[in-house]
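Structure record follows, encoded as C-alpha cells.
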Amino acid sequence: MKQNMRSNNRAPDDAASWDYAEIWDKFPVPARPAKEELTFLEQEMSSKRHDNALILGSTIEYRALCRRLGIAPYVADFERSHYEILSSYAGEDFSGEHFLEVDWLDLDDKNKYDIILGHRAINVVGKEVLQKFFQLVHRALKPRGIFYCKGNIRYEGEKEKFDEMVDKWAFKKEREYPLLSYIEVPLYFHTADADGYVVYPRARQVVAEMFENKRCTEEDYQLIKLLVSMSDDARFRGLIREREIRAIIAEVGFSKAEWIILDKDICRNMPVIKLTK
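Each residue of the sequence shown is one higher than the one before, counting from 0 in numbering that gives the first Met the number 0.
Listed below in C-alpha cells is the structure:
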C-alpha cells in the first residue's frame, strides 16, 4: 500500500517530491475533514463510551476531536514522520495517543475498537486490495463497533461536473474556501483512468488549460497546480464507483450501512459511510 500513498521524487519543474504530510497546511477541505463532518462525528461519538478508537492516518482534525472528547486514540500510519509532521502543524498536545507504525493491510487486531475513523483511507488503498482492507477493518471492530468511512465516490449515473464547478465558483465573491476546495473531487473524477487512479499528467494539462483560458485567478491556480504536481506514477485512487463500495460492504458483512452527505457544495461526493459491524 505504501506505493499508493506516496509519489517518487522528481525534479520540481516536472512534479513534486513531496507527500501530503509535508504540505498539509496548504490544503483545505476536502483534503481535510470539513467542519460539518466534525460536528456530526462529535455528536455521534459523544453519545456513548469509546474505550478504544482507531484513526487511519495521522489526520489532525480527528485526533483533536478525540482529545476534546477525552479519548486517547490509536493512530495508525505507515511512517512515523507523517505523524510527527502533522502533530507539529497542529501545535496541540496529543500526549496519551497510541501511535502504530503499520501498513493498514497489516493490521492484526480483532474485536478491539469501538470506533474507526478514516478520511480518504479508501482512496489510498489499491483497487485490488480494497475488499481486504474492509475485511481487516471489520475484524478489528468490536461487535456493534462503527467505521466512519469517508472518501471520493462517484454515484451511479452521475455526469461530469468539473467545468460546471469551475464556472460556478472560480470568481464567486462569497465563498468560504479557495477554488481548489470546490473543484478538487470533480478534477480527480475528470482525470481518472478506467480504474479510478488520477492520471497526474492529464490533471496538470487540464489545470494549465484552465488558467490559460482565464477561468481562474493566479492565486487559485498556484494552489491547484501544487495539488496535481505529484509524480506521474503516484497512485491515488481519486474515483471509486458507488457500486464497487456497496458490493464490498455487502460482501464483508457489515450489519448496517448509512450514507450521510453533509457539505453538499464541496463534499457531495465524499459521503460519510457509517458502517456498523
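Think of the CB as a built atom: it goes at the ideal place given N, C-alpha and C, for glycine as much as any other residue.
**Item:** Cross-strand partners of C148 (DSSP beta bridge)
**Value:** The secondary-structure analysis by DSSP pairs C148 across a beta bridge with G117, I272.
**Message:** Rounded to the nearest angstrom, what separates P177 and D219 at their Cα positions?
**Reply:** Spanning the two alpha carbons is a distance of roughly 7 Å.
**Prompt:** Which partner residues does R153 have in the DSSP bridge list?
**Reply:** Residue pairing for R153: DSSP places it in a beta bridge opposite R240.
**Message:** Applying the 10 Å Cβ sphere with the 16-neighbour rule, what's the burial state of T38?
**Reply:** Here T38 is exposed: its Cβ has fewer than 16 other Cβ atoms, across all protein chains shown, within 10 Å.
**Prompt:** Residue ranges of each alpha helix (DSSP H) run of no fewer than 4 residues wholly in the region 80-145, ordered along the chain?
**Reply:** The qualifying runs are 129-139.
**Prompt:** What do you get for N51, buried or exposed, if any count of 16 or more other CB atoms within 10 angstroms of its CB means buried?
**Reply:** Per the 10 Å Cβ criterion, buried.
**Asked** Near Y61, what residues of its chain come up, given a Cβ to Cβ distance below 6 Å and the 5 sequence neighbours on each side ignored?
**Response** So the qualifying residues of the chain are I54, L116.
**Asked** What residue range is occupied by the uninterrupted beta strand (DSSP E) comprising I22?
**Response** From DSSP, I22 is part of no beta strand (DSSP E); its letter is neither H nor E.
**Message:** Using CA atoms only, rank isn't needed, just tell me which of S80, E183, G56 is closest to D264.
**Reply:** Comparing Cα-Cα distances from D264 to each of S80, E183, G56, the minimum goes to E183.
**Prompt:** Where does A193 land, buried or exposed, given buried means 16+ other C-beta within 10 angstroms?
**Reply:** Counting Cβ neighbours within 10 Å, A193 comes out exposed, since fewer than 16 surround it.
**Message:** Our contact map puts I114 next to G144 with C-beta atoms below 8 Å; I'd like the distance itself, whole angstroms only.
**Reply:** That pair is a contact at about 6 Å.
**Request:** Alpha carbon to alpha carbon, how far is F161 from V123? Give it in angstroms, no decimals.
**Result:** Each residue's CA atom was taken as its position, placing V123 and F161 some 22 Å apart.
**Prompt:** Is DSSP giving A14 helix, strand or coil here?
**Reply:** Its pLDDT being 41, under 50, A14 is placed unreliably in this model, and the value from its coordinates should be taken loosely. DSSP places A14 in coil when its eight states are reduced to three.
**Item:** Residue from K111, I152, E91, D105 with nearest C-alpha to F132
**Value:** Distance check between F132 and each of K111, I152, E91, D105 places D105 closest, using alpha-carbon atoms only.
**Message:** Under 8 Å, with one C-beta from each stretch per pair, do the region 209-218 and the region 226-234 reach the 3-pair mark?
**Reply:** These segments do not touch.
**Message:** Could you check whether G156 and R119 sit closer than 7 Å to each other, using their CB atoms as the reference points?
**Reply:** With respect to the 7 Å criterion, R119 and G156 are not classified as neighbours on the basis of their beta carbons.
**Request:** Throw me the rounded Cβ distance for the V271 and E36 pair, which I believe falls under 8 Å.
**Result:** Yes, V271 and E36 are in contact; Cβ-Cβ is about 6 Å, under 8 Å.
**Prompt:** Between which two residues does the beta strand (DSSP E) harbouring V197 extend?
**Reply:** Counting along the chain, V197 falls outside any beta strand (DSSP E), and DSSP gives it neither H nor E.
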